[in-house]
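Participant:
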Amino acid sequence: MLRRTYEDILFRDIVARYGIRDVKMFRQMARYLFSNFTKEASYHSLKTALGIKSAMSVRSYAHYMEEAYLLFEMFNYQHSLKKQYAGTRKFFVVDNGMRNAVSFRFSGDWGRMLENLVFIELKRRGLSVYFWREDGECDFLVEKKGRIMEAIQCSCTIGEKNREREISGLLAAMDRWKIDSGMMITYTHEEELDLPGGRKVRLIPAWKWLTGNMPPSIQP
26 MLRRTYEDIL FRDIVARYGI RDVKMFRQMA RYLFSNFTKE ASYHSLKTAL GIKSAMSVRS
86 YAHYMEEAYL LFEMFNYQHS LKKQYAGTRK FFVVDNGMRN AVSFRFSGDW GRMLENLVFI
146 ELKRRGLSVY FWREDGECDF LVEKKGRIME AIQCSCTIGE KNREREISGL LAAMDRWKID
206 SGMMITYTHE EELDLPGGRK VRLIPAWKWL TGNMPPSIQP
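Converting from the sequence shown to my numbering requires adding 25 to each position, the first position being numbered 1.
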């Protein structure tokens, strides 16, 4: 059912509407983006990877899919809009179930599915979101009225092997944008960390964040 819905959107809402001629290449790009969701890419790198004639065609195809609410782009946050639009971006898909139906993958991508789930919910809440990769890496920055107000990291599990790496990326974003508290969304782990300088990091299970069942200080 989800795969059929996906095909209907491709052909009825995009191919027919925009008069796409190279349908095979368009379908190939759509499936590639669904299979590689949440990964960084540029129009040029997609052009090279897929053998599409021009980066402008890649840009148009991505725009058509975004207009049809099939996928969404998220930019690396930059003060310069020119640099932001010229740089890499991440692609997110409208539904994890549809993504699995299209790519024929049902396991092994739990971290990316969690990140996609969080992105879609942030968009549903009407927020302006970006990722950040500079001195560190953070999955989501939330911008309000021209200022970065929230930093959010996603990690399925938190253990000895990844704890420092995941939290350090979040802390780097908090330091860069002068944010006192950060959030890490996990599958099940819940914890509150009090850090030097009065900073806090709250680890929240995804279901609590999605339902708003959280302490008042971190309500959406």
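Positions of the beta carbon are idealized from the N, C-alpha and C atoms, including for glycine.
1) Counting Cβ pairs, one atom from each stretch, are 3 or more of them under 8 Å apart for the region 185 to 192 and the region 134 to 145?
2) If we define contact as Cβ-Cβ less than 8 Å, is HIS69 a contact residue for chain C?
3) Between which residues of its own chain and PHE144 is the CB-CB distance below 6 Å, once the five residues before and five after are set aside?
4) Could you name each continuous beta strand (DSSP E) segment of 3 residues or more that falls completely within the region 209 to 235, going from the start of the chain to the end?
5) Is it true that the CB of ALA55 sits closer than 8 Å to the CB of MET81?
6) Roughly how many angstroms separate the alpha carbons of MET209 and TYR86, rounded to a whole number?
7) Can you tell which of ASP219, VAL226 and TYR212 has its C-alpha closest to the C-alpha of TRP232?
8) Quick check on the DSSP output: the alpha helix (DSSP H) that includes PHE144 runs from which residue to which?
9) Tell me the rounded alpha-carbon separation between ARG172 and SER153.
10) Beta-carbon separation of THR113 and SER79 under 8 Å?
11) Name the DSSP bridge partner or partners of GLY122?
12) If I measure Cβ to Cβ from CYS163 and keep anything under 8 Å in the same chain, skipping five residues before and after, which residues do I get?
13) Which residue's Cα is closest to the Cα of ILE77: GLU92, MET123 and GLN53?
14) Taking just the CA atoms, how far does TRP202 sit from ASP160?
15) Which residues bound the beta strand (DSSP E) around ILE177?
16) Please state whether DSSP places ALA93 in a helix, a strand or coil.
17) Assuming ARG37 contacts ALA126 under a Cβ cut-off of 8 Å, what Cβ separation, rounded to an integer in Å, is found between them?
18) State yes or no: is the C-beta of SER128 within less than 8 Å of the C-beta of SER60?
19) Just to check my reading of the structure: VAL119 and LEU96 have Cβ atoms closer than 8 Å, yes? What is that Cβ distance to the nearest angstrom?
20) List the DSSP bridge partners of MET251.
21) Would you mind sorting THR236 into buried or exposed? The rule is 16 or more other CB atoms within 10 Å of its CB.
Facilitator: Considering the structure as presented:
1) For the pair of segments examined, the region 185 to 192 was found not to touch the region 134 to 145: the number of CB pairs separated by less than 8 Å stays below three.
2) In summary, chain C is missing from the structure at hand, where a single protein chain is found.
3) Answer for PHE144: PHE117, listed in chain order.
4) As far as the region 209 to 235 is concerned, its whole beta strand (DSSP E) runs of at least 3 residues are 216 to 220 and 224 to 230.
5) Cβ atoms of MET81 and ALA55: not closer than 8 Å.
6) Spanning the two alpha carbons is a distance of roughly 33 Å.
7) The shortest C-alpha to C-alpha distance from TRP232 to any of ASP219, VAL226 and TYR212 is the one to TYR212.
8) Per DSSP, the unbroken alpha helix (DSSP H) holding PHE144 starts and ends at 135 to 149.
9) Cα to Cα, ARG172 sits roughly 10 Å from SER153.
10) For THR113 and SER79, no; Cβs fall outside 8 Å.
11) Note: GLY122 sits in no beta bridge, so no partner.
12) Cβ within range, chain order: PHE156, TRP157, ALA176, ILE177, GLN178, GLY194, LEU195, ALA197 and ALA198.
13) Comparing Cα-Cα distances from ILE77 to each of GLU92, MET123 and GLN53, the minimum goes to GLN53.
14) If I take the Cα positions, the gap works out to 12 Å.
15) For ILE177, the uninterrupted beta strand (DSSP E) segment begins and ends at 172 to 179.
16) Three-state DSSP puts ALA93 in coil, outside helix and strand.
17) Contact annotation, ARG37 with ALA126: C-beta distance approximately 18 Å; criterion of less than 8 Å not satisfied.
18) Note that the C-beta distance between SER128 and SER60 is below 8 Å.
19) With a Cβ gap of about 7 Å, VAL119 and LEU96 count as contacting.
20) Look at the range of the chain in this structure, 26 to 245, and you will see that residue 251 is not part of it.
21) With fewer than 16 other beta carbons inside 10 angstroms of its own, THR236 counts as exposed.
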